[in-house]
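**Q**
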Amino acid sequence: MSQAVNVGIIGFGTVGSGTARIILQNGALIEKRTGKKVILRRIADLDIERDRGVQIPPGVLTTDAYEIINDPTIDVVVELIGGIQPAKKFMLAALKNGKHVVTANKALLATQGHEIFAEAVAQHKSVGFEAAVAGCIPIIKVMREGLAANNILSIYGIINGTSNYILTRMTKEGAPFDMVLKDAQRLGYAEADSTFDIEGIDTAHKLTLLASLSYGIGLSFDKVYKEGITAITPEDIAYASELGYKIKLLAIAKVVDSEIELRVHPTMLPEDYLISKVDDVLNAVYVVGDAVGETMYYGRGAGDMPTGSAVVSDIIDIAGSGVKRCCSFLNAGPNADTGGYKIKDILDIETMYYFRFTVMDMPGVLSKISGVLGEHNISISAVIQKERREGEAVPLVVLTHRAKERDIINAIKEIDTLPAVAAKTRFIRVEGKEYN
Ligand code: HSE
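Start counting at 1 in the sequence shown, then tack on 39, and there's your number in the working numbering.
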């Protein structure tokens, strides 16, 4: 590839306009710094009339994506329309035509990336996807290069800004979930389908990509345990706070006994941990490597300029090497080699747990519940029962020492059949130091 790299962007939405603005505004700086001239050759979008607040030179805009895909002068096709189709067919066609591809499309890569990466390998081209995980945070580069000398022991990520925004406001204001979700949608933080944000699916897409890079396993989206934040109440958040914890939607990947845990769920974390302090729409990824120890990366997980910054960094990377960057590291394929690892069933994990039982306020209830927990090898570390409404249902909060998830589920099944239990028991997994 020459010193100039010709770019075509498909999708002139939030990230597309940020990417265009960065190329146009910072092109001279990029050239000075890297010796590569990034040229914005074309932008395709169905709507080329709407003002995006960025001055696009004449002749750049088109409504036909194939004017980019089939343009022999274009080196890199940037796919920023999101979703599965037509993004997938555009990316495959671009690779077949000998273009490199840069994308922010985590949903497509996590679920069907094996087809995209296989085509990239066949064509000796790159697929850059820095913008697909944690927006501006260069976490793909960190995992692929910065920490390449490490065995990755664990990853804990807050990688969905929408759910972090919702939980932060619920924590700070005691506001109910539904109300804050509406605000997040109004502010444009949520995905087109907000269930992806609040049910942990978007987080699982991103975790799939991180885990594949970190552990050399195939894209394992289907094997990621996924639980969202819709059942979290201001009451749980208040009890968590009383116990010294914050509730965050975490992406967790860790190696335990030569098996990998891949899970996304609301998690109680000690409030003095650095990652517990990551609030609002911000993202953070905490990574422990066997050589480096603890590391953490923090920044904006969404937005035009932050995500555009990640897109342009991929373009610069590709311009620099001109060779496949991702694919040798990404063990693509749904049935690809698992790198010798088994992915742990959620029932086999072991951690601490928070329970909120709803029980009738009468003598002997606590001893019945603790009896069932004891029979299932679950040891209690803290109990809160504040409300006193004799003969009525009240919350009873229990924190446990480390226990097996299978025992937790079996204990809840038994407890929920007790006559003194008035509603389904809620539980939240707890990570971090044990409560003494
Ligand atoms: N909806 C996503 C989020 C956008 O809230 O983090 C960035 O992937």
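The C-beta atom is built at its ideal place from N, Cα and C for all residues, glycine as well.
Taking 7 Å as the cut-off, is the beta-carbon of G200 closer than that to any non-hydrogen atom of the ligand HSE?
**A** Walking along the sequence shown from the start, residue 200 turns up at place 161. Answer for G200: yes, Cβ within range of the ligand HSE.
**Q** In whole angstroms, what is the alpha-carbon distance linking G121 and D236?
**A** Working through the sequence shown from its first residue, we reach residue 121 at position 82. Working through the sequence shown from its first residue, we reach residue 236 at position 197. Between G121 and D236, the C-alpha separation is close to 14 Å.
**Q** If we ignore side chains and look at the alpha-carbon of each, how far apart do G338 and I61 end up?
**A** For the purposes of this step, residue 338 is taken as the residue at position 299 of the sequence shown. For the purposes of this step, residue 61 is taken as the residue at position 22 of the sequence shown. The alpha-carbon atoms of G338 and I61 are separated by roughly 18 Å.
**Q** Got a sec? Which residues, its chain only, sit under 6 Å from K381 by beta carbon, not counting five neighbours each side?
**A** Taking the sequence shown and counting its residues from 1, the one referred to as residue 381 is at position 342. Only E298 meet the Cβ criterion.
**Q** Would a C-beta distance cut-off of 8 Å place Y336 and V303 closer than the cut-off?
**A** Stepping through the sequence shown from its first residue, residue 336 is reached at position 297. Stepping through the sequence shown from its first residue, residue 303 is reached at position 264. Not closer than 8 Å, so no.
**Q** Straight-line CA distance for A450 to E414?
**A** Locating residue 450 in the sequence shown gives position 411, counting from the first residue. Locating residue 414 in the sequence shown gives position 375, counting from the first residue. In a straight line, the C-alpha of A450 is about 8 Å away from that of E414.
**Q** Alpha carbon to alpha carbon, how far is I197 from D343? Give it in angstroms, no decimals.
**A** Stepping through the sequence shown from its first residue, residue 343 is reached at position 304. Stepping through the sequence shown from its first residue, residue 197 is reached at position 158. Their backbone Cα atoms lie some 19 Å apart in a straight line.
**Q** Determine the closest residue to L386 out of R445, N45 and I271, with distance taken between C-alpha atoms.
**A** For the purposes of this step, residue 386 is taken as the residue at position 347 of the sequence shown. Answer by Cα proximity: R445.
**Q** Check whether the Cβ of D241 lies closer than 7 Å to any heavy atom of the ligand HSE, and answer yes or no.
**A** Counting from 1 along the sequence shown, the entry for residue 241 is found at position 202. Correct: D241 has its Cβ closer than 7 Å to the ligand HSE.
**Q** I need the DSSP call for K128, collapsed to helix, strand or coil.
**A** Within the sequence shown, numbered from 1, the residue matching residue 128 stands at position 89. The answer is helix: DSSP assigns K128 an H, G or I state.
**Q** Can D356 be considered in contact with the ligand HSE, in the sense that its beta carbon sits closer than 7 Å to one or more heavy atoms?
**A** The residue you call residue 356 lines up with position 317 of the sequence shown. No; taking the cut-off as 7 Å, the Cβ of D356 has no heavy atom of the ligand HSE nearer than that.
**Q** Can you give me the start and stop residues for the alpha helix (DSSP H) that M247 sits inside?
**A** Against the sequence shown, residue 247 aligns to sequence position 208. Rather than Met, the amino acid found at residue 247 in this sequence is Thr. Taken as a continuous stretch (DSSP letters only), the alpha helix (DSSP H) holding T247 covers I240 to Y254.
**Q** Can you check whether the C-beta of I179 is within less than 8 Å of a C-beta belonging to chain B?
**A** Absence of chain B from the displayed structure is noted, only one protein chain being present.
**Q** From the DSSP output, in three-state form, read off S233 for me.
**A** Indexing the sequence shown from 1 puts residue 233 at position 194. Here S233 sits in coil by DSSP.
**Q** What distance in whole Å lies between the Cβ atoms of I205 and L220, which are believed to be in contact at a cut-off of 8 Å?
**A** Within the sequence shown, numbered from 1, the residue matching residue 220 stands at position 181. Within the sequence shown, numbered from 1, the residue matching residue 205 stands at position 166. Indeed they touch by this definition, with Cβ atoms about 6 Å apart.
**Q** If you run the structure through DSSP and keep just helix, strand and coil, what is P345?
**A** Taking the sequence shown and counting its residues from 1, the one referred to as residue 345 is at position 306. Helix, per DSSP.
**Q** So, at 8 Å on beta carbons, what are the nonlocal neighbours of P125 in its own chain, with the 5 sequence-adjacent residues on each side left out?
**A** Counting from one through the sequence shown, the residue named residue 125 turns up at place 86. Here the set comprises A104.
**Q** V326 bridges to which residues according to DSSP?
**A** The residue labelled residue 326 in the question sits at position 287 within the sequence shown. The partner list for V326 (beta bridge, DSSP) reads I194 and T334.
**Q** Please tell me whether, using a cut-off of 7 Å, the distance from the CB of G70 to the nearest non-hydrogen atom of the ligand HSE is below it.
**A** On the sequence shown, residue 70 is found 31 positions in, with the first residue counted as 1. Looking at the sequence itself, residue 70 is Glu, so the reference to Gly does not match. Checking the Cβ of E70 against the ligand HSE gives no.
**Q** Using DSSP with H/G/I as helix, E/B as strand and the rest coil, what is H153?
**A** One-based indexing of the sequence shown puts residue 153 at position 114. Helix at H153.
**Q** Please list, in chain order, all residues of the same chain as D86 whose beta carbon is under 7 Å from its beta carbon, the five residues on each side excluded.
**A** Numbered from 1 along the sequence shown, position 47 holds the residue referred to as residue 86. Around D86: no qualifying Cβ.
**Q** Please confirm whether A330 and N189 have their CB atoms less than 8 Å apart.
**A** Here residue 330 refers to the residue found at position 291 when the sequence shown is read from its first residue. Here residue 189 refers to the residue found at position 150 when the sequence shown is read from its first residue. Going by C-beta atoms, A330 is nearer than 8 Å to N189.
**Q** Run the proximity test for A229: is its beta-carbon closer than 7 Å to any non-hydrogen atom belonging to the ligand HSE?
**A** Numbered from its first residue, the sequence shown carries residue 229 at position 190. Answer for A229: yes, Cβ within range of the ligand HSE.
**Q** I49 bridges to which residues according to DSSP?
**A** On the sequence shown, position 10 is the one that residue 49 refers to. Partner(s): A83 and E118.
**Q** Evaluate contact between the stretch 319-334 and the stretch 45-53, counting only Cβ atoms and requiring at least three cross-stretch pairs below 8 Å.
**A** Judged by Cβ distances under 8 Å, the stretch 319-334 makes no contact with the stretch 45-53, as fewer than three pairs qualify.
**Q** Mapping the DSSP letters down to three states, classify T207 as helix, strand or coil.
**A** Translated into positions along the sequence shown, residue 207 becomes position 168. If DSSP states are grouped into helix, strand and coil, T207 belongs with the helices.
**Q** Please tell me whether, using a cut-off of 7 Å, the distance from the CB of G174 to the nearest non-hydrogen atom of the ligand HSE is below it.
**A** Position 135 of the sequence shown, counting from 1, holds the residue named residue 174. Result yes, Cβ under 7 Å from the ligand HSE.
**Q** Roughly how many whole angstroms lie between the Cα atoms of A159 and F129?
**A** Translated into the one-based positions of the sequence shown, residue 159 becomes position 120. Translated into the one-based positions of the sequence shown, residue 129 becomes position 90. If I take the Cα positions, the gap works out to 13 Å.
**Q** Are the Cβ atoms of Y278 and V436 separated by less than 8 Å?
**A** Position 239 of the sequence shown, counted from the first residue, corresponds to residue 278. Position 397 of the sequence shown, counted from the first residue, corresponds to residue 436. Yes. Within cutoff.
**Q** Quick check for students: name the residue ranges of the beta strand (DSSP E) that lie wholly in the stretch 247-304, counting only runs of 3 or more.
**A** Entirely contained in the stretch 247-304, the beta strand (DSSP E) runs reaching 3 residues are, in chain order, 284-295.
**Q** What does I178 pair with, by DSSP beta-bridge criteria?
**A** Translated into the one-based positions of the sequence shown, residue 178 becomes position 139. Answer by DSSP bridge pairing: none, since I178 is not bridged.
**Q** Below 8 Å on the Cβ atoms is my contact criterion, and I expect G200 with G359 to pass it. Report the Cβ-Cβ distance as a whole number of Å.
**A** Taking the first residue of the sequence shown as 1, we reach residue 200 at position 161. Taking the first residue of the sequence shown as 1, we reach residue 359 at position 320. Not a contact, Cβ separation roughly 29 Å.
**Q** Under a three-way DSSP split, which group does F394 fall into?
**A** Position 355 of the sequence shown, counted from the start, is the residue given in the question as residue 394. Three-state DSSP puts F394 in a strand.
**Q** Taking the beta carbon of V295 as the centre, do at least 16 other beta carbons fall within 10 Å, making it buried, or is it exposed?
**A** If you number the sequence shown from 1, residue 295 lands on position 256. Exposed, because fewer than 16 other Cβ atoms sit within 10 Å of the Cβ of V295.
**Q** Can you find the residues in the same chain that come closer than 6 Å, C-beta to C-beta, to A132, ignoring five residues on each side of it along the sequence?
**A** Translated into positions along the sequence shown, residue 132 becomes position 93. Here the set comprises I108.
**Q** Run the CB neighbour count on E300, radius 10 Å, all protein chains shown included, and call it buried at 16 or more, exposed below.
**A** Numbered from its first residue, the sequence shown carries residue 300 at position 261. It counts as buried.
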